[in-house]
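Line by line, the protein sequences give chains A and B. One gets our numbering by counting positions in the first sequence from 1 and adding 188 to each. One gets our numbering by counting positions in the second sequence from 1 and adding 188 to each. Each remark here refers to the structure printed beneath this line.
Protein chains: 2
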Amino acid sequence: MKLTNDLFLRALKREKTERTPVWLMRQAGRYLPEYRAVRAQAGDFMSMASNPELACEVTIQPLDRFPLDAAIIFSDILTIPDAMGLGLYFVQGEGPKFERPITCAKDIDDLPIVGADDLQYVMDAVSLTTKTLNGRVPLIGFAGSPWTLLTYMLENGGSKSYAKSKALLYKSPELAHQLLDKLAQSTVSYLAGQIEAGASAVQIFDSWGGVLSPADFAAFSLKYMKQIVEGLKNAGYQDTPIILFSKGANRSLPALSRTGCAGLGVDWTINIDEALNLTEGRVALQGNLDPATLYASDAFIDGAVKQVLDAYGDQPGHIFNMGHGMQPDMEPEKVAVLVDAVRRHSSRT
Amino acid sequence: MKLTNDLFLRALKREKTERTPVWLMRQAGRYLPEYRAVRAQAGDFMSMASNPELACEVTIQPLDRFPLDAAIIFSDILTIPDAMGLGLYFVQGEGPKFERPITCAKDIDDLPIVGADDLQYVMDAVSLTTKTLNGRVPLIGFAGSPWTLLTYMLENGGSKSYAKSKALLYKSPELAHQLLDKLAQSTVSYLAGQIEAGASAVQIFDSWGGVLSPADFAAFSLKYMKQIVEGLKNAGYQDTPIILFSKGANRSLPALSRTGCAGLGVDWTINIDEALNLTEGRVALQGNLDPATLYASDAFIDGAVKQVLDAYGDQPGHIFNMGHGMQPDMEPEKVAVLVDAVRRHSSRT
């Protein structure tokens with residue numbers, strides 16, 4: 189399908205663009221009253237995420253408010269463990285949980301490798317959204333990184349020290365690798381399916397990559413994201429750009445930039461010009477405003493946006509985003525200020 | 189008082205030592221059954237912390253089990269806000285809370301600057317512990333960093349996005365600076381008092397320095413730790429080494445190493461040899477094992493300890509520690525393995 193606005197994809201290829209494209213992680217979310225209305229109607233989170241019509245509706249909601257340059261399919265990073273049989277559910281105010289978390293070696297051994305066919309509702313949501321967008325902007329598909337999924341599957345609820353996950357890495361590395369490989373294989377099929385269904389790019393969210401030492405990150409997180417990147421290329425999807433976002437793992441940006449991905453997410457704990465130096469132009473960079481900037485005044489947001497754009501400078505390959513997702517207590521009006529600032533300050537025409 | 193074991197202080201001065209000294213953050217804590225027994229007897233956390241005899245007893249407990257090279261006074265980083273009148277209390281399983289958190293400009297304006305005289309129970313605990321240790325090992329005094337205290341005083345409970353704290357920085361920076369300055373002034377007096385009472389070194393815990401961008405870190409966290417370092421030097425305590433530990437703020441290690449402190453804590457998300465390069469021998473380094481290593485086998489712990497020691501190499505100025513404190517679910521036996529490994533692998537005699 190011909191895209192009316194392909195700025196995001198051109199920036200991912202590090203082509204020169206007339207201005208810097210912008211989208212926001214969790215741009216479809218609870219900070220929008222129209223999202224909360226759909227959510228109230230649907231009941232729980234998974235009822236909404238597994239209903240293609242509702243997922244399509246909330247995916248497009250932020251695009252009707254703000255001139256964003258990409259949509260991201262409304263879903264959750266834990267759909268794969270759910271399809272593997274763990275039984276995903278959400279407790280109000282507590283985040284995701286599994287009915288049957290991983291507790292022993294047999295659990296890992298018994299886990300099936302899943303794929304696009306096991307997650308038809310996601311494929312249907314991507315297809316319907318692609319059709320509904322009708323080329324307006326590219327649609328981004330996504331998945332969680334194998335390491336990040338592992339932590340949820342073992343910790344089953346919030347964790348400060350990732351005791352169970354790290355104990356697995358340190359005491360039974362072969363079991364950890366078995367689980368991570370199953371997750372990586374499943375993710376290749378899952379993301380290939382999203383691309384087939386219409387996604388123009390895919391992002392892998394490695395939310396907890398930053399809790400590992402650089403050596404553990406290389407062995408247990410980066411390795412499996414690379415396996416996914418290579419798996420997609422080998423399956424014939426070499427033209428679909430892949431973005432990796434390992435929050436807090438800035439020490440590993442050089443290694444991440446050599447995985448074959450097209451772009452890297454960058455959080456706000458590193459200046460984006462330093463990230464640019466570390467990755468030496470191998471990839472596009474997506475980021476890196478501190479999301480808490482949205483709690484500030486309009487003038488402050490405008491200045492902070494300009495600062496990130498100026499730090500990145502004139503090189504191609506910048507996609508504006510924040511270093512983390514939108515929070516429920518943020519005001520939609522602030523997103524309008526941010527998007528307007530990106531468009532004004534990055535105009536190169 | 190003459191110290192029997194001054195390895196820790198000599199390493200802080202970057203003098204050559206016969207082996208690498210070791211202590212652990214939160215080495216006096218819930219993972220020790222003898223600590224839990226005292227805690228059960230005392231009732232709540234603050235009843236124990238504010239009782240000099242009990243604080244002294246639990247401070248020394250880990251030294252009676254393990255051949256550690258330093259003690260750290262048992263206390264809490266939130267004693268200063270408590271002395272300022274905020275009313276610190278602890279909810280089981282929820283962490284620290286304040287009865288009267290900061291909610292408006294007037295709250296900040298009304299806050300008194302406090303000092304050692306307002307925290308006599310801490311001074312008494314340090315005096316008694318120094319006397320009881322009788323030169324066995326140095327005693328470390330400590331305080332929270334002004335930025336980290338600010339987050340607790342505003343968020344009043346756990347926070348993921350530090351919305352209130354960052355909104356203050358971005359919307360009312362002059363109020364943030366007023367609060368941070370009051371905290372820094374109070375901390376100078378508080379740490380000077382601990383030194384007078386017998387502490388041989390002091391550490392400033394900047395637990396949440398890592399949630400700030402490098403520019404915000406410089407303006408709102410580093411600046412006030414530097415004010416404390418300079419305040420102590422100007423008050424005549426230039427011979428007492430100061431350690432700064434900004435968890436997650438590795439991007440700012442070069443700037444931190446230029447504050448006049450003697451040592452820097454280093455978490456596990458950077459290799460310690462890289463931290464050594466970034467700080468160019470200006471300071472001693474304290475760290476940097478991933479604390480989750482203690483969930484692994486004895487052989488794994490031994491190898492991981494050796495790896496950190498080897499990465500640091502033969503230069504002087506290394507104090508072995510983990511990148512974060514002991515967790516309640518860790519086994520005391522594993523600390524014995526760690527301490528033994530440090531002693532064996534770092535022996536230079």
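The beta carbon of each residue, even a glycine, is placed where N, CA and C say it ideally should be.
*Sequence-distant residues of the same chain with beta carbon closer than 7 Å to S434 of chain A, five excluded per side*: D394, G397, G398, S409, S440 and L444
*Quickly, what does DSSP pair A472 of chain B with across the bridge? List them, please.*
B:G451
*Measuring CB to CB, does A293 of chain B end up less than 9 Å from S263 of chain B?*
no
*Alpha carbon to alpha carbon, what distance is there between L368 of chain B and G448 of chain B?*
19 Å
*Exposed or buried, which one is D478 of chain A when buried takes at least 16 other CB atoms within 10 Å?*
buried
*In whole angstroms, what is the alpha-carbon distance linking V496 of chain B and I460 of chain B?*
7 Å
*According to a CB-to-CB cut-off of less than 9 Å, which residues of the region 376-398 of chain A neighbour chain B?*
G398
*Between L274 of chain B and I301 of chain A, what straight-line distance do the alpha-carbon atoms span, to the nearest angstrom?*
53 Å
_With 16 other Cβ atoms within 10 Å as the buried cut-off, status of S535 of chain A_ = A residue is called buried once 16 or more other Cβ atoms fall within 10 Å of its Cβ, and S535 of chain A, having fewer, is exposed.
*Apart from the five residues on each side of it in sequence, which residues of its chain come closer than 8 Å, Cβ to Cβ, to I383 of chain B?*
G329, V390, L420, Y425 and T428
*asked:* Would P284 of chain B and Y340 of chain B qualify as a contact pair, given that the criterion is a beta-carbon distance under 9 Å?
replied: yes
*Can you tell me the Cα-Cα spacing of S315 of chain A and G386 of chain A, whole angstroms?*
6 Å
*Could you tell me which chain A residues have their CB closer than 8 Å to the CB of A351 of chain B, listed as they occur along the chain?*
The answer, in chain order, is A480, Y483, Q515 and D517.
*Hey, does E457 of chain A have any beta-carbon neighbour from chain B nearer than 9 Å?*
Per the sequence shown, residue 457 of chain A should be read as Thr rather than Glu. It does: the Cβ of T457 of chain A has a partner Cβ on chain B nearer than 9 Å.
*How would you label V279 of chain B, buried or exposed, when you count the other beta carbons within 10 angstroms and need 16 or more for buried?*
exposed
*Please confirm if D404 of chain A has its CB atom under 9 Å from at least one CB of chain B.*
Closer than 9 Å to some Cβ of chain B, the Cβ of D404 of chain A qualifies, so yes.
_With DSSP as the reference, identify every bridge partner of G332 of chain B, one or two as the case may be._
B:F393
*Measuring only between beta-carbons, confirm whether H512 of chain B sits less than 9 Å from chain A.*
yes
_Taking the straight line between their C-alpha atoms, what separation do you get for A484 of chain B and M311 of chain B?_
Each residue's alpha carbon lies about 38 Å from the other.
*Comparing the C-beta of R227 of chain A with each C-beta of chain B, is any distance below 9 Å?*
no
*Is there at least one non-hydrogen atom of the ligand HEM closer than 8 Å to the beta-carbon of G469 of chain B?*
Looking at this structure, you won't find the ligand HEM or any other ligand, since it has none at all.
*asked:* How far does the beta strand (DSSP E) with F538 of chain B in it extend, from its first residue to its last?
replied: The structure shown does not extend to residue 538 of chain B, since chain B is modelled only from 189 through 537, so no value can be given for it.
*In terms of alpha-carbon separation, which member of A:P250, A:L338 and A:S388 lies closest to A364 of chain A?*
Residue A:L338 is the option with its Cα nearest to A364 of chain A.
*Proximal residues, the region 428-462 of chain A versus chain B, C-beta separation under 8 Å*: G436, A437, N438, R439, W456, T457, I458, N459 and E462
_Proximity of A331 of chain B and T375 of chain B at Cβ, strictly below 9 Å_ = yes
_Coarse secondary structure for L444 of chain A, derived from DSSP in three states_ = Annotated three-state conformation of L444 of chain A is helix, per DSSP.
_Quick check: what's the CA-CA separation for W456 of chain B versus Q474 of chain A?_
25 Å
*G381 of chain B: buried (16+ other C-beta within 10 angstroms of its C-beta) or exposed?*
With a threshold of 16 other beta carbon atoms within 10 Å, G381 of chain B meets it and is buried.
*Beta-carbon gap between P442 of chain B and T467 of chain B smaller than 9 Å*: yes
*Kindly give me the distance between the Cβ atoms of P250 of chain A and A216 of chain A, rounded to whole angstroms, as I take these residues to be in contact under 8 Å.*
Indeed, because the Cβ distance is near 6 Å, the residues count as touching under 8 Å.
*Give me whichever residues DSSP pairs with M514 of chain A in a beta bridge.*
Beta-bridge pairing links M514 of chain A to no other residue.
_Using 9 Å as the threshold, is the C-beta distance between A351 of chain B and A487 of chain A below it?_
no
_Range of the contiguous alpha helix (DSSP H) that encloses G491 of chain B_ = Per DSSP, G491 of chain B is one residue of the alpha helix (DSSP H) stretching across D486 to Y500.
*Give a yes or no on whether 9 Å exceeds the smallest Cβ distance from L327 of chain B to chain A.*
no
*Is the beta carbon of G323 of chain B sitting closer than 9 Å to the one on K190 of chain B?*
yes
*Which whole-angstrom value describes the C-beta separation of K494 of chain B and A529 of chain B, a residue pair presumed to lie in contact below a C-beta threshold of 8 Å?*
7 Å
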